[in-house]
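Residue numbers (our numbering), protein chains in the order written: chain A, 1 to 135; chain B, 136 to 270. Just so you know, even glycine gets a beta-carbon here, dropped at the ideal spot from N, CA and C. The block underneath contains the structure these notes are about, expressed in structure tokens.
There are 2 protein chains.
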Amino acid sequence: MANLKYSRQRAAIKEYLCHTTEHPTADTVYLHIREAYPNISLGTVYRNLNLLADTGEAIKISTPDGGDRFDGRTDLHYHVICRECGRVFDLELGEQHIRSINSLAGQHFEGTVDSHTILFYGTCKNCLDKKSKIR
Amino acid sequence: MANLKYSRQRAAIKEYLCHTTEHPTADTVYLHIREAYPNISLGTVYRNLNLLADTGEAIKISTPDGGDRFDGRTDLHYHVICRECGRVFDLELGEQHIRSINSLAGQHFEGTVDSHTILFYGTCKNCLDKKSKIR
DNA sequence: TCCTAAATAATAATAGTTACTAAAATCATT
DNA sequence: AATGATTTTAGTAACTATTATTATTTAGGA
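As structure tokens, this is what we get:
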């Protein structure tokens, strides 16, 4: 499965993902990496993002609107989408909660459950502050 | 918001969604409704599915691979995707669990959390049986 | 340095979905 | 039942996100 060769482009993409918390889309990654590698192609970005997701070096987050987003943080955690600004935030509940949600689900399903993703919806601190200023 | 006029096509789509548990994609709905309304167009299906989702008469489920799926069951519940066959199943944990997951998340987030969706991954009973026969 | 496999940029192609428009259907009012 | 304002439709074009193709370049072991 892993006949991977080093590439500057992939290294730059991983580097970027690991140092941002904005959960960028492929296109956002593309626009960013482009500053250092002006001829990088969008296809290369997609291929490497999927590669990183396959090797567990990144996480792909499916959101209902807009394209998929990517996260360089790979420990088990969840995400909150702010309904106001659309930004995606990390949310950590702790492994014991994650496991208990899985087993709870397993008890209610005629089969096995081994993992899950949760997408929370709400309003981020920033947008709450903005709203309270208007009132 | 609601200047809705009746349409046979929308009624048929809702009827179908309410009587199936297969969580069809827009295309699957299209192929089905076509049997009764051979000239219905895919655009009409999409428009009505989104309309039903907007009015709360159906739920739109975003899955990582393939198109969105729709569910005529509108009470709060979750979904399990079988990794083997790709089918989507309903899973009910009960309102108290749903609320407690929301409030737990709220405690770990600098903002407010008002809802969430969970997508569980596992293996359905059918596929477990098939696997055990092979061994 | 040479060679092979992998990665790239550029482009074409695909999937899923939304937008547009003239014609048809709905439905309240006559 | 006919009128008319509004919505919905079918058909089609357009768009967005993503994957596939391919000739060229690059990585890295022998």
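Close-in-space but distant-in-sequence residues of the same chain around residue i (CB under 7 Å, 5 per side omitted)
i	result
I118/A	Y78
R69/A	H23, P24, T25, I61, T63, V88
G66/A	T25
T74/A	G56, E57, A58, I59
V113/A	N102, A105, G106
Residue i, DSSP secondary structure in three states
i	result
D249/B	strand
T209/B	coil
K5/A	coil
G257/B	strand
I148/B	helix
I233/B	helix
C153/B	helix
T44/A	helix
D162/B	helix
C217/B	strand
L226/B	strand
R169/B	helix
Beta-carbon spacing of residue i, residue j below 8 Å
i	j	result
I148/B	L184/B	yes
A58/A	L91/A	no
G56/A	L263/B	no
T26/A	Y46/A	Note on residue identity: the sequence assigns Ala, not Thr, to residue 26/A. It is a contact, given that the beta carbons lie within the stated cut-off.
Short CB-CB distance (under 8 Å) between residue i and chain B
i	result
A105/A	yes
G111/A	yes
K131/A	no
I118/A	yes
L42/A	no
D114/A	yes
H97/A	yes
L91/A	yes
L52/A	no
S62/A	yes
L31/A	no
Other residues of its chain near residue i: CB distance less than 8 Å, five sequence neighbours each side excluded
i	result
E230/B	L211
V29/A	I13, Y16, L17, V45, L49, F70
C85/A	C124, N126, C127
I168/B	Q144, A147, I148, Y151, I175, V180
Close beta carbons around residue i, own chain, < 6 Å, minus the five adjacent residues each side
i	result
T179/B	Q144
F255/B	V215
K133/A	none
Cβ of residue i within 8 Å of any chain A Cβ
i	result
V215/B	yes
G257/B	yes
L184/B	no
P173/B	no
P159/B	no
K243/B	Note on identity: in this sequence residue 243/B is His, with Lys being the wrong assignment. With 8 Å as the cut-off, H243/B counts as an interface residue toward chain A.
L211/B	no
K140/B	no
L152/B	no
T149/B	Looking at the sequence provided, one finds Lys at residue 149/B rather than Thr. So no, K149/B is outside the interface.
Any non-hydrogen atom of the ligand NAP closer than 7 Å to residue i Cβ
i	result
L226/B	Among the ligands in the structure shown, none appear at all, so the ligand NAP cannot be discussed.
Given 8 Å, three or more beta-carbon pairs between the region 93 to 113 of chain A and the region 25 to 40 of chain A: Pairwise C-beta distances place the region 93 to 113 of chain A out of contact with the region 25 to 40 of chain A, as fewer than three of them are shorter than 8 Å.
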